[in-house]
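Asker: Structure below; questions to follow.
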Amino acid sequence: MLELDIKLRRNEFELDLETTIGAGVTAIFGPSGSGKTSLLKAIAGLVPAQGHITFMGTTWLDTAQQTRTYQRPTYQRPIGLLFQDDRLFAHLNVLGNLNFAVKRAPRRQPEGERQSTRPISLEAVVEIFNLAMLLERSVTNLSGGERRRVAMAQTLLTQPQLLLLDEPLSGLDETRKREILPFLYALANEFAIPTLYVSHQLEEVSQLCQNMLILDHGALRFHGTTHEGVNFVEAQLNNLMTTDLSFLTGTVIEQNDTYHLTTLDVAGQRVQIPKSQYRNLQTGDQVTLNIKPSDVALALAQPSGISIRNILQGVIKKIAATERFTDITLTIGDQTLRSRITLAAANELKLVPGMTLYALLKSSGLS
Amino acid sequence: MELTAIWLTLKLASITTLILLFLGTPLAWWLANSSNKLRPAVEALTAMPLVMPPTVIGFYLLLLFSPDNPVGQFWFQITGDTLTFSFSGLVVASLIYSLPFMVQPLMNTFAQVGKGPIEVAYTLGAKPWDAFCNVILPLSLRGYITASVLTFAHTIGEFGVVLMVGGNIPGETRLVSIAIYEEVETLNYAQAHLLSGILVAFSFIVLLLVYSTNRRAAMRVL
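Right, here's the structure in full:
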């Protein structure tokens, strides 16, 4: 769908990558300064690049012939770019900002390239992003979360065929992130628009993206499913682990409406989680769980008569002791789970690598 | 009465400001955004009238405008009029003399607005001209007001250049500042007082208007 073969010179390094990105939500993951934003801007046509970009059979960039370089101007690429620093127009109110996109949307695609899909209406977007009360407000009087919602709505109203999201959750505190995440999920998943999602947070990537592309110093290190990508980062790019969270991926096998629980199959074992409030999961869907090491307790034998419903059998892979805690890395099937326990507990249990253990996860702590 | 001089001065300042709005915009935009190697040189040239004595500018312009010079000759051939000691000559001289007062505030505004808004406009499907008119212009409104007022006021206060280039022909080149000079020379202090007083009051009123509308503009923009 999106074929990239581009070279792009930056001050510190050269971004050089050749790959084809398919439908769905693809994360562009990597540390700060790895070229993620430059790549996005090159796809948008905002920074000069060398090579080829082809989107759904239409050439966007072709510098092969030195004499006849073709670069399709940004305003003719059917993209929706959500900038990292939401850049709403300060001279227009919320409605004015949205209408700016509405008015220019039809010009984006030349005749013949237009798709027959129904355009996304202003009314629909206002409802999805809950903007009805904000329309007449000046954009300078909006909170950070409100600004993001307006920016997301504006992006959708350009009727994009490719969404480019540049760290849409950066600069927001935890409360705001939780407020924005459902909207972001709707933006990336509900309209079935192919999406590139730039992020350096594995938590976000694991929750929002199906595929993952890992960049490091301008080079492509990995391109595959998020599940494999997370394992790749765990195994080979420890320096990129910006988090101590563990990521378990499972498949939905059952939905329980009475208790509002979703049951997953994680490496052949069952895990129950509270039903997602913003994702309408179907049996067979893949879900990645973010698990804090401090939320994982360990037991030598399978416990019974206990409120915790999720007990996973695993094998100790690594034990790392710090001054106050011991971090235990467990292997569960082909996946990894970390647990943080006190030194005293670790000594009492006499843990050694290779031992089989039971990891206890509280359902209410899972998302 | 000196009404002719006042009218002529206002006419010169208005025409100069209007033309400079059109010439200054692309120049200021280029200076604010270009990474061309020539940019510092062009910027320095633009700022030259700020630091040069007006008589120096006037002297060179006088030589340039003279019918013996190719520039003056060319003008004479296409308009049938000379640039020296004429109103059109005053306009051309004022354009050069007041250029930095238009370009510098605009350049600062464009730099302040930055690349962000125009990049967004492009991604929302706006063509360059559309993006400039509907995004950059309204966001730069404050800079445009400041630049226009400074240019207008500075053109009114100009003396050395217009004296050298235009001389003192009533109804053609005799501006208020030159009229005041002449009244003082002929010890006609009453008339000099009247004209000077008008200029003082005018300057104050203009600045007052700017600062009060500017605040409103500022609130609309910020």
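First to last, the protein sequences are chains D and E.
Per this note's numbering, the first sequence starts with residue 1, numbered consecutively.
Per this note's numbering, the second sequence starts with residue 1001, numbered consecutively.
Glycine included, C-beta positions come from ideal geometry on N, C-alpha and C.
As the structure is a computational prediction, the values presented were derived from the model and not from experiment.
1. Which term fits residue 247 of chain D, buried or exposed, when burial requires 16 or more other beta carbons within 10 angstroms of its beta carbon?
2. Going by DSSP in three states, residue 352 of chain D sits in which element: helix, strand or coil?
3. Under 7 Å between beta-carbons, which chain D residues line up against residue 1127 of chain E? List them in chain order, please.
4. Do residue 212 of chain D and residue 195 of chain D have their C-beta atoms within less than 7 Å of each other?
5. Within this structure, are the beta carbons of residue 87 of chain D and residue 1135 of chain E separated by less than 7 Å?
6. Pull up the distance between the alpha-carbon of residue 290 of chain D and that of residue 301 of chain D, whole angstroms please.
7. With distance defined between alpha-carbon atoms, name the residue in D:249, D:187 and D:83 nearest to residue 171 of chain D.
8. According to DSSP, simplified to helix, strand and coil, what is residue 266 of chain D?
9. Whose Cβ in chain E lies nearer than 9 Å to the Cβ of residue 79 of chain D?
10. Suppose contacts are defined by Cβ-Cβ distances below 7 Å. Is residue 1093 of chain E in contact with residue 1149 of chain E by that definition?
11. Just to confirm, are residue 1161 of chain E and residue 1058 of chain E a CB contact at a threshold of 7 Å?
12. Hey, could you find the ends of the alpha helix (DSSP H) residue 1154 of chain E is sitting in?
13. Where do the N-terminal and C-terminal ends of the alpha helix (DSSP H) with residue 1077 of chain E fall, by residue?
14. Counting only beta-carbon atoms, is residue 1018 of chain E nearer than 7 Å to chain D?
15. Residue 1111 of chain E: which of E:1063, E:1177 and E:1027 sits nearest, CA to CA?
16. Using a Cβ-Cβ cut-off of less than 7 Å, list which residues of the segment 210-225 of chain D approach chain E; keep chain order.
17. Flag residue 10 of chain D as yes if its beta-carbon sits less than 7 Å from any beta-carbon of chain E, otherwise no.
18. List, in chain order, every chain E residue whose beta-carbon is nearer than 8 Å to that of residue 195 of chain D.
19. Could you tell me whether any Cβ in chain D is nearer than 7 Å to the Cβ of residue 1120 of chain E?
20. So with Cβ pairs under 7 Å, would you call residue 58 of chain D a contact of chain E?
21. Which same chain residues end up closer than 6 Å to residue 188 of chain D when comparing Cβ atoms and leaving out the 5 residues on each side of it in sequence?
22. Specify whether the segment 49-65 of chain D and the segment 124-135 of chain D touch according to this definition: at least 3 beta carbon pairs, one from each stretch, less than 8 Å apart.
23. What residue range does the beta strand (DSSP E) around residue 1110 of chain E cover?
24. Run through the DSSP bridge pairs and tell me what residue 315 of chain D is partnered with.
25. Return the CA-CA distance between residue 130 of chain D and residue 93 of chain D, expressed in angstroms with no decimal places.
26. What does the Cβ neighbour count give for residue 1075 of chain E, buried or exposed, with the cut at 16 atoms within 10 Å?
27. Residues of chain D with CB closer than 7 Å to the CB of residue 1139 of chain E, please, in chain order.
28. Which bits of chain E does residue 235 of chain D rub up against, with CB to CB less than 8 Å?
29. Residues of chain E with CB closer than 7 Å to the CB of residue 158 of chain D, please, in chain order.
30. Using a Cβ-Cβ cut-off of less than 9 Å, list which residues of the segment 41-52 of chain D approach chain E; keep chain order.
31. If you draw a straight line from the C-alpha of residue 312 of chain D to the C-alpha of residue 206 of chain D, how long is it?
32. Could you tell me the boundaries of the alpha helix (DSSP H) in which residue 275 of chain D lies?
33. Check this for me: beta carbons of residue 104 of chain D and residue 1116 of chain E, under 7 Å apart or not?
34. Three or more C-beta pairs under 8 Å: does that hold for the segment 177-186 of chain D against the segment 137-149 of chain D?
35. Tell me, to the nearest whole angstrom, how far the beta carbon of residue 329 of chain D is from that of residue 317 of chain D; I am working on the premise that it is less than 8 Å.
36. Start and end of the beta strand (DSSP E) containing residue 216 of chain D?
Answerer: Put simply:
1. buried
2. coil
3. 75
4. no
5. no
6. 25 Å
7. D:83
8. strand
9. 1123
10. no
11. yes
12. 1141-1156
13. 1070-1079
14. no
15. E:1027
16. none
17. no
18. Correct list: empty, because the minimum Cβ distance to chain E is about 15 Å.
19. yes
20. no
21. 25, 195 and 208
22. no
23. Premise fails: residue 1110 of chain E lies in the alpha helix (DSSP H), 1087-1113, not in any beta strand (DSSP E).
24. D:331 and D:356
25. 16 Å
26. buried
27. 90 and 91
28. Ordered by position in chain E, no residue passes the 8 Å Cβ test against residue 235 of chain D, which lies about 37 Å from the chain.
29. 1124 and 1125
30. 41, 44, 45 and 46
31. 20 Å
32. No alpha helix (DSSP H) contains residue 275 of chain D, which DSSP labels as neither H nor E.
33. no
34. yes
35. 5 Å
36. 211-216
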